[in-house]
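Number of protein chains: 2
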Amino acid sequence: MTGARATDGDPGGRSKRAEATRRRLLDAADGLFYAGGIRATGVEAIAEGAGVTKMTLYSHFSSKDELVAHYLSERDARWREALEGRLAKHEAPDEKLLAVFDAYREYVVSGELRGCAFVNCAAEFPDREHPARRVAREHKAGLRRRLAGLSAEAGAEEPEVLAERLFVLLEGAYVTAAMEGDEGVVDRARRLAEDLVSAAAVARGEPSRG
Amino acid sequence: MTGARATDGDPGGRSKRAEATRRRLLDAADGLFYAGGIRATGVEAIAEGAGVTKMTLYSHFSSKDELVAHYLSERDARWREALEGRLAKHEAPDEKLLAVFDAYREYVVSGELRGCAFVNCAAEFPDREHPARRVAREHKAGLRRRLAGLSAEAGAEEPEVLAERLFVLLEGAYVTAAMEGDEGVVDRARRLAEDLVSAAAVARGEPSRG
DNA sequence: CCTAAATCTTACCGGTCAGTATAGTTACGG
DNA sequence: CCGTAACTATACTGACCGGTAAGATTTAGG
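Line by line, the protein sequences give chains U and H. Sequential numbering of the first sequence, starting at 1, is according to the numbering used here. Sequential numbering of the second sequence, starting at 1001, is according to the numbering used here.
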């Protein structure tokens, strides 16, 4: 019972070696789960991808479900990092709002148009209370909150409305890009977003920026 | 070799009995594949759901993959029927454009928020050339064409642009409704669509309708 | 250098899956 | 009413899956 370290997600008392192994496992899980689908990918393949045995995998994660949840958590963390990196390049909140589309396009393209990992997870796991589904929900909620905050900063009269519209546009563009194999739709959705953001700013009496 | 009827999708020389069995199989496949996911649903469960044996299933469909493709084809056909039923209630093309959102909301709710079957299929089958993926692509392309036609009829200056924007809104609302368990997003997306359609009509000098 | 943690090796379990074989039975249509 | 198409019953194959067992071995770190 003392060695039940498999379940915690934070770096408790793990050695550097174990830490590195865990990293390789999560990296392998990320690549394989995303590219091939979760149910279609066996744990053995992930262990092999990490250069490790199935036994070692199970000493880091107590079950496949838990590994899946961590896989999505990692995706979420990396996404937030990439997003904030993008946003930091801009000062004005309305520019930041549009920069979210740039971050999306980058993600869409880098994933070879396999779609949103969180949406795909929802497709594979109908159970809304599956640990991975909780992570997925929180991921989307986080983006929504970010958009709402930026919308408020941009002075939109109804920040929640603008945020949801941008959110829906982002989601629609992402899923469309994956379905049709066309990443250009993200940029075209962005053009509509520009109108929405401008209109929201104009409604407040601010000058729109070209 | 003469009995190789399993592969054709049209009602060739099937008896009424076989026809009815095929119907029950497709109905069972629809319910189970959609609710539980395709990979997670075994062919045995579908046969049982149709009240027949696995052997009978395989006398109607040559493989699970083929059954999956037919499952999506059926979905597409039923969707088109439901959509045209909705559209027929309206005369003006701009009203028809918005009625698509009503049809979507109805579909979203009726499916208990399990999302778009075609998107879910894309999530489960990475191979773009999988027969089911082809059906999914054609399904989306069909809707796009319909939207583009209606946009042109509505007199939009750039029908393709309007159509794609509405399409992306529809897709985004659908996936969001499924992810967050909130069907209201479809109606809220519709509100933005109303603005887009009005703007397109206004640009042509037509009076907008309340 | 020695110890304790981390990993490896190998083999196994019970279960599920897609798909097939064979032989027997039912129901429908001419 | 009979022939044939449709379906049943049952058992099987071969593969893969998630997860576990037990003991040997390696590695890092004090």
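We put the CB at the ideal spot given by N, CA and C, even for glycine.
Using a cut-off of 7 Å between C-beta atoms, extract the partners of residue i located in chain H.
i, result
"residue 140(U)", "1179, 1180"
"residue 126(U)", "1035, 1036, 1037, 1114"
Thinking just about the alpha-carbon of each residue, which of the options is nearest to the one in residue i?
i, options, result
"residue 1190(H)", "1179(H), 1169(H), 1090(H), 1201(H)", "1169(H)"
"residue 76(U)", "118(U), 46(U), 99(U)", "118(U)"
"residue 1091(H)", "1053(H), 1153(H), 1148(H), 1139(H)", "1153(H)"
"residue 102(U)", "202(U), 61(U), 194(U)", "194(U)"
"residue 1110(H)", "1060(H), 1066(H), 1147(H), 1177(H)", "1177(H)"
"residue 1201(H)", "1174(H), 1157(H), 1127(H), 1175(H)", "1157(H)"
"residue 1126(H)", "181(U), 55(U), 53(U)", "181(U)"
"residue 996(H)", "1149(H), 1186(H), 1188(H), 1023(H)", "Because chain H here runs from 1001 to 1210, residue 996(H) falls outside it and cannot be looked at."
"residue 186(U)", "1172(H), 1186(H), 1183(H)", "1172(H)"
"residue 175(U)", "128(U), 104(U), 196(U)", "104(U)"
"residue 35(U)", "56(U), 18(U), 116(U), 146(U)", "116(U)"
"residue 1094(H)", "1155(H), 1112(H), 1062(H)", "1155(H)"
"residue 1030(H)", "1188(H), 1114(H), 1129(H), 1100(H)", "1114(H)"
"residue 1184(H)", "1129(H), 1058(H), 1112(H)", "1112(H)"
Give the residues of chain U in contact with residue i, contact being defined as C-beta atoms less than 8 Å apart.
i, result
"residue 1137(H)", "179, 180"
"residue 1100(H)", "Here the premise fails: no neighbours, minimum Cβ distance about 14 Å."
Is residue i buried or exposed, if buried means 16 or more other CB atoms sit within 10 Å of its CB?
i, result
"residue 28(U)", "buried"
"residue 1151(H)", "buried"
"residue 124(U)", "buried"
"residue 1089(H)", "exposed"
"residue 1007(H)", "Since pLDDT at residue 1007(H) reaches only 40, below the 50 mark, its modelled position is unreliable, and the value read off the structure follows with that caveat. Residue 1007(H) comes out exposed."
"residue 1179(H)", "buried"
"residue 1078(H)", "exposed"
"residue 84(U)", "exposed"
Counting only Cβ pairs nearer than 8 Å, list the residues of chain H close to residue i.
i, result
"residue 176(U)", "1140, 1167, 1168, 1171"
"residue 185(U)", "1164, 1168"
"residue 108(U)", "Here the premise fails: no neighbours, minimum Cβ distance about 13 Å."
"residue 197(U)", "Per Cβ cutoff of 8 Å: no residues; residue 197(U) is ~13 Å from chain H at best."
To the nearest angstrom, how far is it from the Cα of residue i to the Cα of residue j?
i, j, result
"residue 217(U)", "residue 108(U)", "Since the displayed chain U opens at 1 and closes at 210, residue 217(U) lies outside it and no answer follows."
"residue 86(U)", "residue 1014(H)", "60 Å"
"residue 1016(H)", "residue 60(U)", "57 Å"
"residue 38(U)", "residue 192(U)", "34 Å"
"residue 122(U)", "residue 1096(H)", "31 Å"
"residue 137(U)", "residue 18(U)", "30 Å"
"residue 1056(H)", "residue 1139(H)", "29 Å"
"residue 188(U)", "residue 1188(H)", "21 Å"
"residue 58(U)", "residue 49(U)", "14 Å"
"residue 129(U)", "residue 1129(H)", "32 Å"
Please list the partners that residue i has in chain U, where partner means a Cβ-to-Cβ separation under 7 Å.
i, result
"residue 1122(H)", "115, 178, 179"
"residue 1084(H)", "Here the premise fails: no neighbours, minimum Cβ distance about 22 Å."
"residue 1189(H)", "168"
"residue 1052(H)", "Neighbours of residue 1052(H) on chain U: none; closest Cβ ~25 Å, over 7 Å."
"residue 1192(H)", "165"
"residue 1043(H)", "Simply none; closest approach about 16 Å."
Keeping to the same chain, check which residues put their C-beta closer than 8 Å to that of residue i; ignore five residues upstream and five downstream.
i, result
"residue 144(U)", "163, 164, 167"
"residue 80(U)", "142"
"residue 1020(H)", "none"
"residue 212(U)", "With chain U running from 1 to 210 in the structure shown, residue 212(U) is simply not present."
"residue 82(U)", "103, 106, 107"
"residue 1133(H)", "1121, 1122, 1125, 1127"
Who are the near neighbours of residue i in its chain, counting only those whose CB is closer than 6 Å to its CB and skipping five residues on each side?
i, result
"residue 74(U)", "26"
"residue 1135(H)", "1069, 1072, 1073"
"residue 160(U)", "148"
"residue 146(U)", "none"
Using a cut-off of 9 Å between C-beta atoms, extract the partners of residue i located in chain U.
i, result
"residue 1087(H)", "Those do not exist, as residue 1087(H) stays about 21 Å from chain U at its closest Cβ, beyond 9 Å."
"residue 1040(H)", "39, 124, 125, 126"
"residue 1202(H)", "Chain U residues near residue 1202(H): none, gap ~14 Å exceeds 9 Å."
Apart from the five residues on each side of it in sequence, which residues of its chain come closer than 7 Å, Cβ to Cβ, to residue i?
i, result
"residue 1041(H)", "1032, 1033"
"residue 1098(H)", "1190, 1193, 1194, 1197"
"residue 54(U)", "43, 44, 47"
Which residues of chain H have a Cβ atom closer than 9 Å to the Cβ of residue i, listed in chain order?
i, result
"residue 68(U)", "Under the 9 Å cutoff, chain H gives no residues; its nearest Cβ is about 14 Å from residue 68(U)."
Hey, would you say the C-beta of residue i is under 7 Å away from at least one heavy atom of the ligand GTP?
i, result
"residue 1154(H)", "Questions concerning the ligand GTP fall outside what the structure shown contains, since it holds no ligand whatsoever."
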